[in-house]
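I have placed the structure first, in the form of structure tokens, so that the comments after it can refer back to it.
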Amino acid sequence: FIDSAGGGAPSVRSSAAGGALRILWMLLLLAAEDGSESVPRSVRRTIMSKSINSMNPDSSALYVSKMDVIIPFSPDVPCDSNGQRMWWAFLASSMVTFFGGLFIILLWRTLKYLWTVCCHCNVKNKEAQKVSNPSSNPADGGTKIPDEKEESSTSEVGWMTSVKDWAGVMISAQTLTGRVLVVLVFALSIGALGIYFIDSSDPIESCQNFYKDFTLQIDMAFNVFFLLYFGLRFIAANDKLWFWLEVNSVVDFFTVPPVFVSVYLNRSWLGLRFLRALRLIQFSEILQFLNILKTSNSIKLVNLCSIFISTWLTAAGFIHLVENSGDPWENFQNSQSLSYWECVYLLMVTMSTVGYGDVYAKTTLGRLFMVFFILGGLAMFARYVPEIAALIRNQKKYGGSFNSTRGRKHIVVCGHITLESVSNFLKDFLHKDRDDVNVEIVFLHNISPNLELEALFKRHFTQVEFYQGSVLNPHDLARVKIESADACLILANKYCADPDAEDASNIMRVISIKNYHPKIRIITQMLQYHNKAHLLNIPSWNWKEGDDAICLAELKAGFIAQSCLAQGISTMLANLFSMRSFIKIEEDTWQKYYLEGVANEMYTEYLSSAFVGLSFPAVCELCYVKLKLLLIAIEYKSEQRESSILINPGNHVKIQEGTLGFFIASDAKEVKRAYFYCKACHDDITDPKRIKKCGCKRFEDEHPSTLSPKKKQRNGGMQNSPNYSPKIMRRHDPLLIPGNEQIENMDMNVKKYDSTGMFHWCPPKDIEKVILTRSEASMTVLSGHVVVCIFGDVTSALVGLRNLVMPLRASNFHYHELKPIVFVGSLEYLRREWETLHNFPKVSILPGTPLSRADLRAVNINLCDMCVILSANQNNIDDASLQDKECILASLNIKSMQFDDSIGVLQANSQGFTPPGMDRTSPDNSPVHGLVRQTSVTTGSNIPIITELVNDSNVQFLDQDDDDDPDTELYLTQPFACGTAFAVSVLDSLMSATYFNDNILTLIRTLVTGGATPELEAMLAEENALRGGYSTPQTLANRDRCRVAQLALYNGPFADLGDGGCYGDLFCKALKTYNMLCFGIYRLRDAHLSAPSQCTKRYVITNPPYEFELVPSDLIFCLMQFDHNAGQSRTVLSHSSHSSHSSSKKSSSVHSIPTANRPCRKSRDSREKQKYVP
């Protein structure tokens, strides 16, 4: 509508439309004066005054006739008197700079290339001249001038190189100055972007006085700095052409020169200053320079956010420019007024494909840009936004740091964190039978939990927290406050295919944790026994401070080995250190009595001063009869104040002040009675629940003794250093040696035991000498032995058979009492294990397969005392239900076998074949001794078997006649209650038990390993084999320790109590007369039925009450003292069918047991009724 030529004022083409247009022009200016902030106030007033004058036809000074050039109206009307737009000058300055520099660089490269070619040609010509003129000598002065030029050139290149290196150091952030410069450039770029945001509210092009506009002055200072930094970057660049085309260089080309043009023209053009937003891409680099971003997730998150935001803001700036300017070919008539933030909104709804339509592009340039931007923007939005959201969500959920609660401890649990391992751990750790567990549990794992595990954490949210990270990362250790944690527990993957690799991972976790905080207490699970030695290489690993390694292979083999001596003991011990809730059953079934025993656990408490001076049997009887507590062991301090755990010591051990006792009870509160007991106040009390803290106790608490009984149990009381054994008695203490009978027959020149005196030993034997063929095994007619069926091959992981053999070769057995052990399995696998077995006596090998009935009959499996079924291939199968297929098949195969009575009984004078590896010269080891047995059983279901399982649910396949539900917990199933199945999962409870009381682990290892000591472990770590030692009074004294046995009630000195007697009377009689400590019953499953039953299955009853009624077929679990004279005497108590030895009479310090010589062997069914199995 309005036209202009050069610099004339607005005029109207026709007088008819002129008045109306002038009025419209005035209204627009008034509106701009009242509310518009897009045009500067001075500009609006100038335009208004000119317009008023132009409406007056008489004003000749300002009236201009009709113009030739039409000027389109827009908010960006030029502010000068000529009305000329100068945007092209700003853009031209950037284009000239960019293309001019590009031209110079290319020209320089071209000239340099031509110069190189020319010099190359000259060199060739000179060489040709030298060849044609050989008389010229380099020693002449003719070649001296070129040498001087080369030296000058070399000097010049060196100077340029130095400047280039200096510039490179300045911009590479390798020094403090460089880092400050890089951060400063980034900060100034953001500041220049902020100035652009402020100026975006003004017209695209407006008049600005440099000396009066403060923002223009600041922007000018910023760009001068950018120009200097650009120069540094140019000098440091190796390839000037690629540098000229970099994004940061392009940003400088289109932002720096227009500022200088603005100062020259006294006007401002918003132009391409939005390109400063591209500097945001370097935000993550800046934060890394400042050491703020340290993790990969945080770096990735900042990178994604900076790229997304910089692209978004840059595109919004371009739309803002073209929409407010219009298309040049349309003479800028199709522009629209959009603020910068409206353009930001437009780009967001475009990228998200929403497109509300309230704001849209009208110019052709804007629409063309939107067509291409929506393709890239949509792809970026769809990729970046979900990834950013996932990173933010994960960081908020499992990131952060643990905030400890004042007055509340916390532990860190790491390693193999799965739903199964965590649920088993929490079930035992947070059990209600424990005292108030005021401990927070912090799980640390590098993989986020699945939905099931997350739900488990939420159910225990008051005491459990999960953090994602790795213990190998010190930053993650700091997040979980490992330095203030009470302990760190490391769980192992019991089902891994490579146990050595799993142990190596856990050892690395220990190293990382100890490196971060050497004083932290660590309890770790280990799969293989030989890997425990690597923990001793860690300098800060300290047994004295409570560090413990729970070796699952060692304990599993120990439990199974003890079952070979007393079937069912594995179930009883597993239930003792596991926290089980009491389940009450009214019906008179075997489950009722079993579950009453399952509710018992093992606890420790300091004994009252009322017991000081009494012998252990006297205190044990008092605790059982009056306090309803079963005391099985104490912590004894020798004259040298060295601590050791004594299991059922004899009358020679007296209770000291502050003695720690080990009890079997159903609740921790019940055990407090042993500490509160006062003879003066509680002597006449019959109800144990009334035994509470009395006035005498309060007086003692006010005047504590030198050894306070309130000391922390899990850290105090025992010296667990490897310099002594916490599991055995110190033999140099004369109080602990009941007599000198053990040294009467000592042969100082024969090595019968290992160097520690804890195990029977023999010189190393070659495996070929102990291999039995099937015919040799049949001729041997083995009996009273242990058959170990092992599945494995040359590629299988080693199960550690040494841990199974060691408890069966403990030195508290006499040599003739040792049960022969026959391994049935792959010879290739057994060769790999033999290096750890070749020092043990009475060990034979039958190459074959446990699934072969011919091999099983050859080793007389129907005459064995125990058949052990193991597999080394269990963890190589992905399907959990198939992991135990070999063991289950072998067990069912044996149970379905039938035998006849044609084998008969070997006579005492019969001659048999001595198995290789056994000593023919020993009368106690003759093939006749131990084989004078009754006829074999007729069915395999009566053969004592213990089967190792990996998957608990597979226990349902072992017994076809039980009614166990597949979802039944392992400890509630019939095979486990009967002691015929053992799963390594029951050992998970040891982690919690060891944390609350580290003495529990020591006691368990003492009971099941046969006497493994830290000295022995250190020796095995060095040599991986037992070392023989001569018999000395000190080593022979190590034999004087308790062992697990089974006592039959069918006949013998306790036969009168077997028929309707009370268990408490049996307990007191055995303790007083023979120093035998009874702690459970192994009862026939159907003994409670009035009608006779043919079932020979038995189940375990732990710690029955005093008034519990006995039946003649019961077998009693007891802890029996070592008999020093059993090696010379063949008189027995009531021999068990599960042993091949002659039972012993007690030493002179203990009453001997009068009994007749062993009767002839009866059938196995009747032999089940008369067991005395050490």
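Residue numbers -38 to -1, 1 to 1136, in mature numbering (1 follows the signal peptide of the UniProt record, and there is no 0), belong to the letters of the sequence shown in order.
Here a beta-carbon is modelled for each residue, glycine too, at the ideal position from N, C-alpha and C.
Keep in mind that this is a model prediction, so the values were computed, not measured.
Among all the DSSP beta bridges, which residues are the ones paired with residue i?
i, result
"LYS651", "BP columns for LYS651 are empty, so no partner."
"CYS849", "CYS849 pairs with nothing; no bridge assigned."
"LYS371", "VAL401"
"GLN860", "THR901"
"ASP716", "GLY990"
"GLU427", "VAL404"
"HIS722", "TYR715"
"CYS450", "VAL374, ILE484"
"LEU593", "PHE625"
"LYS616", "SER577"
"LEU1081", "VAL1006, LEU1039"
"TYR598", "SER606"
Considering Cα atoms alone, identify which of the options is closest to residue i.
i, options, result
"GLY612", "SER162, TYR598, PHE625", "TYR598"
"THR956", "ALA511, ASN286, LYS389, MET332", "ALA511"
"residue 1138", "PHE251, TYR491, LYS506", "Since the first residue shown for the chain is -38 and the last is 1136, residue 1138 is missing from the structure and cannot be characterised."
"LEU851", "ASN822, PHE919, PHE785", "PHE919"
"SER903", "CYS826, LEU982, SER915", "CYS826"
"LEU489", "ASN562, LEU517, VAL426", "LEU517"
"MET843", "PRO803, LEU813, PRO928", "The residue you asked about is not Met; residue 843 is Ser in the sequence shown. Residue PRO928 is the option with its Cα nearest to SER843."
"SER474", "ASN200, GLY377, SER853, ALA974", "GLY377"
"HIS614", "GLY620, SER833, SER600", "SER600"
Sorted by chain position, which residues of the same chain lie with C-beta nearer than 8 Å to residue i's C-beta, five sequence neighbours on each side aside?
i, result
"SER446", "SER366, HIS372"
"GLY319", "none"
"ARG794", "VAL756, LEU760"
"ARG195", "ALA129, ILE133, PHE205, ASN210, SER211"
"ASP175", "SER230"
Can you say whether residue i is buried or exposed, counting buried as having 16 or more other CB atoms within 10 angstroms of its CB?
i, result
"THR909", "buried"
"GLN922", "exposed"
"VAL125", "exposed"
"TYR491", "buried"
"THR72", "exposed"
"ASP161", "buried"
"GLN873", "Note that GLN873 scores a pLDDT of 34, beneath 50, so its modelled location is shaky and nothing firm can be said."
"THR1064", "buried"
"LEU1095", "The pLDDT assigned to LEU1095 is 39, lower than 50, so where the model puts this residue is not dependable; a value taken from the coordinates is nonetheless given after this. Flag for LEU1095 reads buried."
"LYS74", "exposed"
"LEU470", "This sequence places Met at residue 470; Leu is not what is there. Classification of MET470: exposed, given that the 10 Å Cβ count is below 16."
"SER27", "The predicted model places SER27 with a pLDDT of 37, which falls under 50 and marks its position as unreliable; any figure quoted below should be read in that light. The residue in question, SER27, is exposed, as its Cβ has fewer than 16 Cβ neighbours within 10 Å."
Can you check whether the C-beta of residue i is within less than 8 Å of a C-beta belonging to chain D?
i, result
"GLY339", "No chain D is part of this structure, which consists of one protein chain only."
In its own chain, which residues sit with a C-beta less than 7 Å from the C-beta of residue i, not counting the 5 before and 5 after it?
i, result
"ARG635", "LEU589, LEU591, PRO650, ILE653"
"ASP817", "ARG736, VAL786, LEU808, GLY810, THR811"
"TYR1061", "TRP552, TYR556, ALA939, CYS940, ARG1045, ARG1047"
"SER431", "The sequence shown places Gly at residue 431, rather than the Ser named in the question. These residues qualify, in order along the chain: LEU406, ASN408, ASP438, ARG441."
"ALA519", "GLY762, ASN765, LEU766"
"LEU242", "SER268, ILE271, SER272"
Spatial neighbours of residue i within its chain, please: C-beta separation below 6 Å, excluding the five flanking residues on both sides.
i, result
"LEU275", "ALA239"
"SER540", "SER951"
"PRO34", "Per-residue confidence for PRO34 stands at a pLDDT of 38, beneath the threshold of 50, marking its modelled position as unreliable; the derived number appears in the next sentence. Around PRO34: ASN293, PHE294, GLN295."
"MET332", "ALA323"
"ASN185", "VAL218, VAL221"
Quiz item: Counting Cβ pairs closer than 8 Å, one from the region 943 to 953 and one from the region 546 to 554, do we hit at least three?
Solution: Cβ pair count under 8 Å is below three, so no.
Exercise. Say whether the region 743 to 757 touches the region 817 to 831, bearing in mind that this needs 3 or more beta-carbon pairs closer than 8 Å, one atom from each stretch.
Key: Three or more beta-carbon pairs separated by less than 8 Å link the region 743 to 757 to the region 817 to 831, which places the two stretches in contact.
Quiz item: Are the region 306 to 316 and the region 289 to 298 touching, with three or more C-beta to C-beta distances below 8 Å?
Solution: Short answer: they don't touch.
Exercise. Please confirm if the region 247 to 256 is in contact with the region 138 to 154, defined as three or more CB-CB distances below 8 Å between the two stretches.
Key: Three or more beta-carbon pairs drawn from the region 247 to 256 and the region 138 to 154 are found closer than 8 Å, and the two stretches are therefore classed as touching.
Quiz item: With contact counted as at least three CB pairs below 8 Å, one residue from each stretch, are the region 569 to 586 and the region 531 to 540 in contact?
Solution: Touching, no.
Quiz item: At a cut of 8 Å, does the region 52 to 64 reach the region 211 to 226 through at least three beta carbon pairs?
Solution: Below 8 Å, enough C-beta pairs join the region 52 to 64 and the region 211 to 226 to call them touching: three or more.
Quiz item: Counting Cβ pairs, one atom from each stretch, are 3 or more of them under 8 Å apart for the region 723 to 733 and the region 997 to 1011?
Solution: Contact annotation: the region 723 to 733 does not touch the region 997 to 1011, with fewer than three C-beta pairs closer than 8 Å.
Practice problem: Pair every Cβ in the region 371 to 385 with every Cβ in the region 394 to 403, then say whether three or more of these pairs are closer than 8 Å. | Solution: By the C-beta criterion, the region 371 to 385 is judged to be in contact with the region 394 to 403, since at least 3 inter-stretch pairs fall below 8 Å.
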